[in-house]
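Residue numbers (my numbering): 428 to 699.
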């Protein structure tokens, strides 16, 4: 029995000596990997009609713009990044101040289709009616990979002054996107707008002066109607634009044709 105790004591001593001999490491380490984990940065990517920028946008061109005329188009604002964004929009152009740019009237709605002249639907919150500044001031949110369509209408009000006749401007719509401190833009530029010049019509007379005189004239772009006067300045007839451009008068010494651009009458000069 004593031998077994001594043997056990010797074995315990050997274990303690081994543990204290420095053969084993003072600190044990181990590692493992967790599959399926990765890290990546976000990406902000704003597009309009699938592009970063549109250099020349023809659907809104109005090269023969007259008062009351409008053009409209549907734009698709898309988020092709992998983070959500908020977008707003502004407009800029030439002939600012009291020129054509300042006279333009804009409309942005939630309509997803248009006949090319006007936008239906409801105006977007925070949208402006004039050019040369904010167009959509209330940020609209787009999730990653999402897009939305908006309708943009541009034109000249019916009461535009005749001083705008013959003026021109370009128009750029800039859409801005932000996510935190990140930003991105997409421009729709190259929109060409030009108000028609107020050119007097060419008057042609036939018949016998003072007996039975027939007067015809060339159409004037932007004219609402035509007024025919005698030599004393007395109105003797009104002809609507697009109607029969002919007036038969008698016992006159002369006549004058006037046209209207907006709300102002402009003399076309002497007639017959």
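Yeah, the Cβ is synthetic: ideal placement off N, Cα and C, and Gly gets one too.
Note that the coordinates shown come from a computational prediction; the quantities given were computed from them, not determined experimentally.
By the neighbour-count definition (other C-beta atoms within 10 Å, threshold 16), residue 609 is an exposed residue.
DSSP, read as helix, strand or coil, puts residue 659 in coil. In the structure shown, the three-state DSSP call for residue 667 is strand. Residue 589 and residue 528 have their C-alpha atoms roughly 15 Å apart. For residue 509, DSSP assigns no beta-bridge partner whatsoever. Straight-line spacing of the CA atoms in residue 602 and residue 631 works out to 52 Å.
Around the beta carbon of residue 522, 16 or more other beta carbons sit within 10 angstroms, so the residue counts as buried. Distance between residue 597 and residue 468, taken at the CA atoms: about 38 Å. The DSSP-derived three-state label of residue 589 is helix.
As the crow flies, the alpha-carbon of residue 506 is around 22 Å from that of residue 483. By the beta-carbon neighbour count (other beta carbons within 10 angstroms, threshold 16), residue 624 is exposed. The beta carbon of residue 479 lies closer than 7 Å to those of 613 in the same chain, with the five residues before and after it left out. For the pair of segments examined, the region 643–652 was found not to touch the region 553–561: the number of CB pairs separated by less than 8 Å stays below three. With contact defined as three or more Cβ pairs closer than 8 Å, the region 561–572 and the region 495–502 are not in contact. Distances from the CA of residue 644 to each of 660, 627 and 657 were compared; the closest alpha carbon is that of 627. In the three-state reduction of the DSSP assignment, residue 530 falls in the helix class, which pools H, G and I. Checking the DSSP bridge columns, you'll see residue 519 partnered with 599. Around residue 488, the same chain offers 498, 618, 619 and 620 as residues with beta carbons nearer than 8 Å, after the five sequence neighbours per side are excluded. Beta-bridge annotation (DSSP): residue 633 is paired with 641.
By the C-beta density criterion, residue 559 is buried, having at least 16 other C-beta atoms within 10 angstroms. Looking at the backbone, the Cα of residue 587 and that of residue 510 are separated by about 44 Å. In the three-state reduction of the DSSP assignment, residue 485 falls in the helix class. Taking C-beta atoms as the reference points, residue 534 and residue 605 fail to come closer than 8 Å.
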